[in-house]
Structures are given as structure tokens and as C-alpha cells.
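**Q** Protein chains in written order, with this note's numbering: chain P, 1 to 286; chain D, 1001 to 1286; chain E, 2001 to 2286; chain B, 3001 to 3286.
Ideal placement from N, C-alpha and C gives every residue a C-beta, glycine not left out.
Keep in mind the model is a prediction, meaning the values are calculated, not measured.
Number of protein chains: 4
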Amino acid sequence: ARVGFIGLGTMGHGMATSLINSGHTLTVWNRTDDKCNDIVTLGASKAASAAEVVQTSDITFCSVADPEALRDVVFNLGGVLEGIKSGKGFVSMSTVDAETSKDVNEAVTARGGRFLEAPVLGSKKQSIDGTLIILSAGDKTLFQDCESSFSAMSKKFLHLGNVGSATQMKIALNLLFGSVTASLAESMALAEKAGLDCSALMDILTTGLILDPMVKAQGKAMLNDDYPLTACLNNMQKDMRLVLSMGDEYSQQLPVAAAVNEMYKKAKSLGHGDEDMSAIYKAYSQ
Amino acid sequence: ARVGFIGLGTMGHGMATSLINSGHTLTVWNRTDDKCNDIVTLGASKAASAAEVVQTSDITFCSVADPEALRDVVFNLGGVLEGIKSGKGFVSMSTVDAETSKDVNEAVTARGGRFLEAPVLGSKKQSIDGTLIILSAGDKTLFQDCESSFSAMSKKFLHLGNVGSATQMKIALNLLFGSVTASLAESMALAEKAGLDCSALMDILTTGLILDPMVKAQGKAMLNDDYPLTACLNNMQKDMRLVLSMGDEYSQQLPVAAAVNEMYKKAKSLGHGDEDMSAIYKAYSQ
Amino acid sequence: ARVGFIGLGTMGHGMATSLINSGHTLTVWNRTDDKCNDIVTLGASKAASAAEVVQTSDITFCSVADPEALRDVVFNLGGVLEGIKSGKGFVSMSTVDAETSKDVNEAVTARGGRFLEAPVLGSKKQSIDGTLIILSAGDKTLFQDCESSFSAMSKKFLHLGNVGSATQMKIALNLLFGSVTASLAESMALAEKAGLDCSALMDILTTGLILDPMVKAQGKAMLNDDYPLTACLNNMQKDMRLVLSMGDEYSQQLPVAAAVNEMYKKAKSLGHGDEDMSAIYKAYSQ
Amino acid sequence: ARVGFIGLGTMGHGMATSLINSGHTLTVWNRTDDKCNDIVTLGASKAASAAEVVQTSDITFCSVADPEALRDVVFNLGGVLEGIKSGKGFVSMSTVDAETSKDVNEAVTARGGRFLEAPVLGSKKQSIDGTLIILSAGDKTLFQDCESSFSAMSKKFLHLGNVGSATQMKIALNLLFGSVTASLAESMALAEKAGLDCSALMDILTTGLILDPMVKAQGKAMLNDDYPLTACLNNMQKDMRLVLSMGDEYSQQLPVAAAVNEMYKKAKSLGHGDEDMSAIYKAYSQ
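1. If you follow the alpha helix (DSSP H) that Gly-14 of chain P is in, where does it begin and where does it stop?
2. In whole angstroms, give me the CA-to-CA distance for Pro-3228 of chain B and Ala-2194 of chain E.
3. Give the DSSP bridge partners of Asp-3276 of chain B, in chain order.
4. Name, please, each residue of chain D whose Cβ falls closer than 8 Å to the Cβ of Lys-3268 of chain B.
5. Find out if the Cβ-Cβ distance for the pair Ala-3182 of chain B, Val-2260 of chain E is shorter than 8 Å.
6. Provide the residue(s) that pair with His-3024 of chain B in DSSP beta bridges, ordered along the chain.
7. When the Cα atoms are used, what is the spatial distance from Ile-1210 of chain D to Asn-1174 of chain D?
8. Exposed or buried, Gly-23 of chain P, counting other C-beta atoms within 10 Å across all chains shown (16 or more means buried)?
9. Show which residues of chain D have a CB atom less than 8 Å away from the CB atom of Asn-174 of chain P.
10. What residue does the beta strand (DSSP E) around Trp-3092 of chain B start on, and which one ends it?
11. Measure from the C-beta of Asn-2021 of chain E to each C-beta in chain P and report whether the shortest distance is under 8 Å.
12. Nearest chain E C-beta to Pro-1255 of chain D closer than 8 Å, yes or no?
13. If we define contact as Cβ-Cβ less than 8 Å, is Lys-1265 of chain D a contact residue for chain B?
14. Roughly how many angstroms lie between the CA atoms of Thr-3073 of chain B and Ser-3057 of chain B, to the nearest whole one?
15. Compute the Euclidean distance between the alpha carbons of Cys-146 of chain P and Val-3 of chain P, then round it to the nearest angstrom.
16. Under 8 Å between the Cβ atoms of Ser-101 of chain P and Ala-118 of chain P?
17. Can you check the segment 3120 to 3176 of chain B for any alpha helix (DSSP H) of at least 4 residues that lies completely inside it and give the ranges in chain order?
18. For the structure I just gave you, are there three or more beta carbon pairs, one from the segment 3234 to 3245 of chain B and one from the segment 3194 to 3205 of chain B, closer than 8 Å?
19. Following a CB-centred definition, is Lys-88 of chain P positioned closer than 7 Å to any heavy atom of the ligand ATP?
20. Are Ala-1172 of chain D and Ser-187 of chain P close, meaning C-beta to C-beta below 8 Å?
21. Three Cβ pairs or more, each shorter than 8 Å: is that satisfied between the segment 1005 to 1023 of chain D and the segment 3010 to 3019 of chain B?
22. At which residue ranges does the segment 3247 to 3274 of chain B contain complete alpha helix (DSSP H) runs of 4 or more residues, listed in the order of the chain?
23. Going by other Cβ atoms of all chains shown within 10 Å of its Cβ, with 16 needed for buried, is Asn-105 of chain P buried or exposed?
24. Note down, in chain order, each residue of its chain lying with its Cβ closer than 6 Å to the Cβ of Val-2256 of chain E, except the 5 sequence neighbours on either side.
25. Distance, Cα to Cα, Lys-1220 of chain D vs Ser-1278 of chain D?
26. Output needed for Lys-2170 of chain E: all residues of its chain with C-beta closer than 8 Å, excluding positions within five of it in sequence on either side, in chain order.
27. For Phe-2075 of chain E, which beta-bridge partners are listed by DSSP?
28. In whole angstroms, what is the alpha-carbon distance linking Lys-1124 of chain D and Cys-232 of chain P?
29. Using a Cβ-Cβ cut-off of 7 Å (strictly less than) and excluding sequence neighbours within five positions of Gln-3191 of chain B, which residues of its own chain qualify?
30. Per the contact definition of three or more C-beta pairs closer than 8 Å, is the segment 3154 to 3163 of chain B in contact with the segment 2151 to 2164 of chain E?
31. Skipping 5 residues on each side, what residues in its chain have a beta carbon closer than 7 Å to that of Ile-1280 of chain D?
32. Specify the secondary structure class of Lys-282 of chain P as computed by DSSP and reduced to three states.
33. Could you round the C-beta distance between Ala-1189 of chain D and Gln-1252 of chain D to whole angstroms and report it? I think they count as a contact, below 8 Å.
34. Compare the beta carbon distance of Leu-1993 of chain E and Ala-2044 of chain E with 8 Å and say whether it is the shorter of the two.
35. Name, please, each residue of chain B whose Cβ falls closer than 9 Å to the Cβ of Gly-2208 of chain E.
36. Let me make sure I understand the geometry here. Which of P:Asn-235, P:Ala-166, P:Thr-131 and P:Ile-128 has the alpha-carbon closest to that of Phe-143 of chain P?
As C-alpha cells, then:
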């Protein structure tokens, strides 16, 4: 199958390189022409427009900066839509809002094409190494046809349901990533205010794996609604109290810990104090 | 050097086993006698009281359930204090409040003894495997004398300063662990409310390492006050907005994300929007 | 001056009645005809369409349920725009989003008309009594021409600047009203969990005026950036600590108090602990 | 009945003055002597010690700065306890922690005395005007014997149950006062960031009574668990969304509004969206 790639920016360049290096027949296009050069050197063809990429390819992947850029490259003169006809596949790998994703889906399918939204987890390095994680949603047959391409670009790819589901999954994951970052900042700020050695704190955190195994075990507990005891919720709530009391002592603002403590209290008041701390999930699911 | 161990509960039993298995001459005591048996089988001596352990040993380690248990074992008749004399080392490995730790320190040093508070990170499995992390604070010469014992019990041990510092460090770390747990619960609850596949969410999170490498890189950035761009703070704040808007759509309570978003906004208003998302630290350190 | 009123719902009916009762020459229109009857009995004329109200009147007031209803009554066939010509005044008293308000403003002024957005504070009773508060923004000459009408409908009316400012002011006020309501709920919930007499709590709160005078004094302090001491911020932060500690004791979730406490701590860490509690404003304005 | 007053500071001086002016036979004592002078001029006697006040009086009132001062004046040489004997009444009007209050209660009753904790609401001005609110708890017969004294000092006095209840009631009220202050600060900060006229905002808020009547109606609704519609909860949650969106636009940190919004969402998810906004209480009481 012939594949195409539109958008050779930070992420797209690495993904397109993974496609060509894994033996795919590839046609590329980028708004600014010179970013195509080294991929052409590796054997790809260069198209004159986004429409031409789609015309030449069975499946076209697209990675652009934001919703506006996606709308431009799809709907404008010489854009993706002009090349779509029955059976053509279009895979949007940008992270855009659900509405944009759905608008593109409608336009593509109205012309007989097939559509997948497929935002990725990972950064530049993973795009080059072909070790991204691809969250896709939409046309299931297109997902199957993408197997060799997705294998080239990622270490894992999933089909998550109807268009919109992949975007929502990425949002739910971003909640975790954004909150972990803030929690780390809060932890470090408290340590620093108290005159502790923050490099020792990082040394401890990075001696081995801590958070990934913890989250793995806790996620399993939440999925099964069964919370095997590692540390009991009452204890963790007591610890959060110590955290806040230490913040008080040093007048260090700890808004995340304060919000977290309220949820442990809620779980406790619902009767889950003697279960594992992961039973905080009950305070949310109720 | 002869070493002693008081308290053979979930954690203490594993730690004492690590000591005897690594060739230390060990004397043990536990409130309920029968927990000593298998360690005695491995070659340890059994003392008649906590005081006797201390009298027999150069350094005595102690792991009990809570501050009250520690006070009992130290101050009661037949307790640790009765055995303390010049040069004796006492190492408290329980997680207790700073005040209890300081009281024990005073009492031990008043009799010429040396004291370390040494709470640990890790659970039963790590105590058996000898792969705990030991956070210690207090007498530096005692810390040096503990090297072979700490090596047997842990994969990493640190000296963090005066008595109190190790306790505070553990509190600062608990802030992170407790908040990550809550953030995971919030992420899962949002996914479930939206009808997403929560087992896919966990599948994505556990495909490879995500949080540990992320926290390692971000911690380094915060320590160096230099934030190499992986994802810019403005983008993360926009993502948190999408998170909250999705929570709104499904009427899912997201108090942690809401508190987190306010700190990204604060960092943005301080002019760090174009830096890496880890620059949220600036909103705290100011 | 002849005035018109479009929309005789819960609020509009009271406002129109105030206009006719104060001697204004009034023309009215309502989507469902029968709501006009009693106002016609009082001497008003009934128009056949919104456009006719505007054609007949120098200034037309409009109070409808939501942005969609406003767009309908302005832009649809037989709507307000058809009647607008040079010098006509149109005053939108509905609470709508800033965008809708600006769209109507553009359309009205493009035809030579004058526009005010004028959302109100108050409920049905105040609309009947003519004791609303009118927040207006937009054409200043129209504001002046509205003086006798606004006097009939309200106890206070203000001009707050360009179109959009009145809407934003109402949003800023809603922050306060919504948060006070939540704070009261939190206070009552804590009292109830602790077994206190909640009707005594309300009895205390309603014995005399408490919140209005407090807010008046505090607002003045914030405006002047000068915080005469009534209760010092350090004391209030200590009190919030007692609040949270009591919440802890009874496992009562107190997310608002927890967030509030963090801001008092922030103000304290900025050096305002010995000033009045209203100096919490410094934690925000920084 | 002969009454005594210990502690003639900011609050105590006003209270003692109210007692003497209303015709009570009064004996006073203050640590620094000269503060007694003008009250003696009005007809009071001056005692040589706290103990002597108690010996001379049937009921002794006490208003000192903090728990330490109360313990000193009660337990020290020449203190209150020395004068306590069967039937003597001691009324502590300072705001102290529950523990201190209970310790004093025990000591007084152990000697046959009667005890009330009676913290007040109000500031210097109210103490002078005799318009404080007195929250009392403890010995009911003493409360009855205090009627004429409490009438002189306050516009309202309540008996709230066993010792500890009055302190807890004051804490629950402080939650409200502290949160209203923070909410006002947040509202003002948002208005200022958006370039609105903050003095107009205060002008609107102080045109008439707004918060006291609102809280009165809402408290009644919560007490009766019946929420007559003034503004529906779904609307208020939508308004909080506009608040947060405006905060976002101006990068203004709004942690209180963010926490508040989460509780409206919770109430909504519990099915109370179409009830009055005061039904947010259901999100707490559950």
C-alpha cells in the first residue's frame, strides 16, 4: 500500500522517517518545502500539494501544529478533501479538539473516504525511534490497514472506538501528567522551604522505579474495584495531614495537597479508611 | 560489630533477616516471642528484653508500628534506655512524627548514646529483598558505623542532616505519592464517566515507563532552575482547560485538576508560559 | 420620550410595569401574546412585532431568557434590526455572553442605532418594586437618555464603559455570590457533622447584619490598599487551621476552606500576617 | 448578684463598661493596673488579684488574649482557681481551643464551681455598644444566672450545649467569614485584572443589603432541606464556568472559585441541577 505524510514538523518528520525506513512507499508534502529534502533523499516522493499526496496514496497520515492548521490543510484549495474519494484513508495524528476532529471526519466520510483520529503519546525522540504510543479512533477497517504503518511508528497502537474517543483518552491522560508535574513541584517547593536537600529528594525518587509500578498496581485495583492493602487509606490521610501541617509551619502554599487531602477525607467518610489508599477512587466514582 | 533488632513485624522481620543473612552477629527481641523463631533458626540470639538487646549490641535497630509503640519500647521498664551507655548506637527505622523522634534522640544522647532516625521507603517485599531506601538523619559517626547493616537492608541509604530531616523528607515524598494516587483516581473516574475503556487507559500507562522518566527530567529542571522544552506550559494549561471542560460535560468532580490548573495559570501570569511545563515550579517558589 | 419593552417574562413584566406606572409612554411586545394584557390595561400599547416596537419607540428595552432568544428577537424576520434607524436606542437587559452582546451591538450600530448592554442584579421581587441594580455599558448618550427609565426600574444604575464591561462585572460579582453560597453550605455541613445546632448557627448569622458590613469594610481596604486592623491575618489563618482540623476530626470534606487556607498562607508568606485579614488580597494581586 | 471582670483589654474593657453602666455591682482586675482606672471611676471596685475578684463575686467573667493567658490567669498563684468554691460561676469569654476550655472546666468544677465557655462575635465597637453576640456552652444554671449580665453586653446570647460546643460553633462560623473574605478578594482581583472599575464593584455591592438576605434565605433552605428556586443550580454552575473562563483569559488565579465550581458539579451530578443553587448543600451532606 502506498502511504502519504502531510506535515513534517518536529513530530511528523520523525514519523515519516520511520515509515520510509521500514520500507513503505511514501509521498510527502510540507508547507515549507525544504523540510522534505532529507526524506526525499531516503527515497520518498514529493507532492505539489496536500491534495496530490492523497491522490497518490491509499492512506495519508497528517501531523500539524493545531486545529487551525488541520482545518487549513484539509479544507483549503489544494487540500486533503480534493483528493479524497471512495476508499481513501486519512489519519489525523495531531492533537486537536473533538469538534475539529469530528468536522474533518464528516467531510472525509461524506466523500466516501475513511477517517481515523490518531493522536500520539511521546515526544520528538520517540517519533524518531518509532516508539510512540498511538491512540486511534474511527474507521475500524482503516485501523486494520494501518497496521504496518503504525508498527513502524510506534511501540503500541490501540483502537478506542468512535471518533472522539482517542481525543478524550488523551485528555484523561493529560490530567494525570499535568497533575503529577504539579505535585512534584509542590513536593520540591515544600522540601526547599524546609531547608531539605532537594537533590537528595530527586536522588531518592530516581534510585529505582517508584511511580510507574505504583500506578500500575493502583490502576489494577481501581479497575477490579478490589484494593489489596499496601498502605491503608487512613494512614495516607494522616500523612497528608502531616504534609499540610508542615506546609503551615513553613507558610508554603500547597493547593494540590490540600485538594487531595479533601478527597482522602471523603473516601474515609464513605467508610474506606481501612482499605488501601487506592480506594480514594471510591470518593470519585460515587 | 554486634547488631540488634527490636520489632519483628511486617517490615522488621524482613530487615532482620537481611542482617543475619549477610553475616551480621544479631540479637533480636519482639514483644510477641514467636516471631523470633525463624530468625533464631538462622543463627540469631534471642534477648529477654529490649534493654538486653541494647546491652548485647553495638548498634540496635528498631522497627515498630507507631510513635506510641516506639515510646513504649524506649522509655518503659526493660526498655531501650536502660541499655544505653556511652557509644551505644540506636537507630529508629519506624516512621514517627518529628517530636517523638526528637524526644528519643534527647533521651539517648543524654545517656551518652548515639541516635539516628532512619525511616524507610519500600514495603514488605523490599524489606525481604534488602532493596529498601533508608532516609537517615542524626549522628554522623553512627551513620558511618551502620554502613554494612544498611547495605544489607537497602539498595540506597542517605544521611540527610540533623534529627528531623529524614522525617520531613519522608513527608515531602508522601505529598507526591498521595497526590499521584489521587490524580490517577481522578483520571480514571473521568475516563469512566465519559464511557472510555479504563483498561485501555491502564494498558497505555503501563506499556513502558512514563512517570518515572518524566519526574526524573522535571526534577532535574527544577533543581537547575532551567527548563528545557518538552511540552510548553501554555500548552499544558490549555490541556488542563480541556480536562476541566470535559469534566464539566460529564459533571465529574475534578478537584485536583482544578487546583493544578490554577497553578499553571499562576505560572503563566508570572511569564513562564513559553517555558517547559515543569516551570510550574516557579509558581511555588516565588 | 416614547419607550418600548420586548419580553414580558418573570423579570421583564416587572420592569415594564415599573415603566408604565412611572408615567412613561410604553409600547410592548411578547412572543406569547397574553402576557401583554395587564400592562395594556395599565395604558401601554401593544405592537404586532418586535420591529414595530422599535419603530414606535425612541428607546426599546429587551429582557429575554438567554442568548439564543436575544439573537432570535434581534435578527429574525420582524425583529429589532428591522426597526433600527439613526438615533434609535436599543437596551439589552438580559444576561448573555460577551460575544452575543457584541454581535448585537455591531448590528445595531451598523444601522445607525445606539446600543447598551444592561444586565441587572435582583430577582422578580426587585423588578416589581423597581429596586433592581442596572449594570450598563455601551453608548454613553443612550445611557443619559435612559435616566428616567432606569430610575423607574432600579434603585441604582451605572455606566461601566464599553460593551462587554457590564457582562464582565456581572461575572465578577457572580464569583462572589456563588462562593458565598458554597461557603455557607460548607459551614452548615461542618456544624451538622459535629452535632451542633444548625438552626442556632442561622440564628446567629441573621441576628443582625454581618456579611454586608464586613464586605463593605474589606472592599474599602482592598481598594485603598490599606488594611486597618479588625482581625489579623495570622489569626484568621490560625482559625482556618482549626476549621480544617475540625473537618478532619469529623471526616467532613471542606474543599473551599482548604483552598481559602492556602491563600491566607500565601499572603502570610508574602509578609502580610500582621495586617488585617482582608490583606489576603495581596496574595491575589501579586 | 455581684459580678467580676478579669482582663480589660480591647474587648474586655468594653464589656466591663457595659456591666457597670447597666447597674451591676462590679469588681475588676487587670494584669496592668492602669486599665482599671476609668472603670473604677464609673463605680467599680478594684481587686488585688484574679483570686480576689472571684472571692468577691458570684460570677466572674474573663476576657484575655489567648489560651496561654487564660491558663496563667486561672492556674497561677493568685489565680482564679484559688477563689473558686461551691456555686461560684466562672465565664471564659476568650476564644481559645477546645482543650484549654475543657481543662479550665474540669479544674473549676472539681472545686465545686460552675463554668461556661462564652466566646463572642463582634469587635471593639460592639463591645462598647453592648451589641456583641455571645455563644455559650456549659453549666445551664450559670447561663440562667448570667441573663442580666449577658443582656448588658450583647444583643443576643445563646446556650449551645456542653463545653466545647460554643468553641466549635465559632469555628464553623469562622469558616464562613474567612471564605467570604477570600471570595471578595478573588472577585476584586479578577475585576482588576480585567480592567474593570473596582470602586464600581464595591458601589454595587454596598448599594443595599445583598449577602445577609441571601445567606438568610439559603440557610433556611438548607435547614429545611427544601430549596425554593431563586436561581437554579445549573445556571450558577454555568456562571462559575464563565468566571473560570474569564480567569483563564486574564491568567488570574482563582483557586476558591475553582474549588466552588467542583462542588456545584458534584451537586449537579447528584441530580440537583434544576433546584435552587443553595442545593449545593446536598453535595456536602451526602
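**A** In short, the structure shows the following:
1. 10 to 21
2. 26 Å
3. B:Cys-3232
4. Ser-1251
5. yes
6. DSSP lists no partner for His-3024 of chain B.
7. 20 Å
8. exposed
9. Met-1236, Asp-1239, Met-1240, Leu-1242 and Val-1243
10. The sequence given here places Ser at residue 3092 of chain B; Trp does not occur at that position. Element bounds for Ser-3092 of chain B: 3089 to 3092.
11. no
12. yes
13. yes
14. According to the sequence shown, residue 3073 of chain B is Val rather than Thr. Spanning the two alpha carbons is a distance of roughly 16 Å.
15. 9 Å
16. no
17. 3124 to 3129, 3140 to 3145 and 3147 to 3153
18. no
19. Absence of the ligand ATP is noted for the structure shown, with no ligands found whatsoever.
20. yes
21. no
22. 3255 to 3269
23. buried
24. Ala-2182, Ser-2183 and Glu-2186
25. 10 Å
26. Thr-2095, Pro-2119, Leu-2121 and Leu-2135
27. Bridge partners of Phe-2075 of chain E: none, in fact.
28. 14 Å
29. Note that residue 3191 of chain B is Ala in the sequence shown here, rather than Gln. Taken in chain order, the residues that qualify are Cys-3198 and Leu-3201.
30. no
31. Leu-1233, Met-1263, Tyr-1264 and Ala-1267
32. helix
33. 6 Å
34. Residue coverage of chain E in this structure runs from 2001 to 2286, which leaves residue 1993 of chain E outside it and unanswerable.
35. Thr-3131, Ile-3133, Lys-3155, Lys-3156 and Asp-3212
36. P:Ala-166
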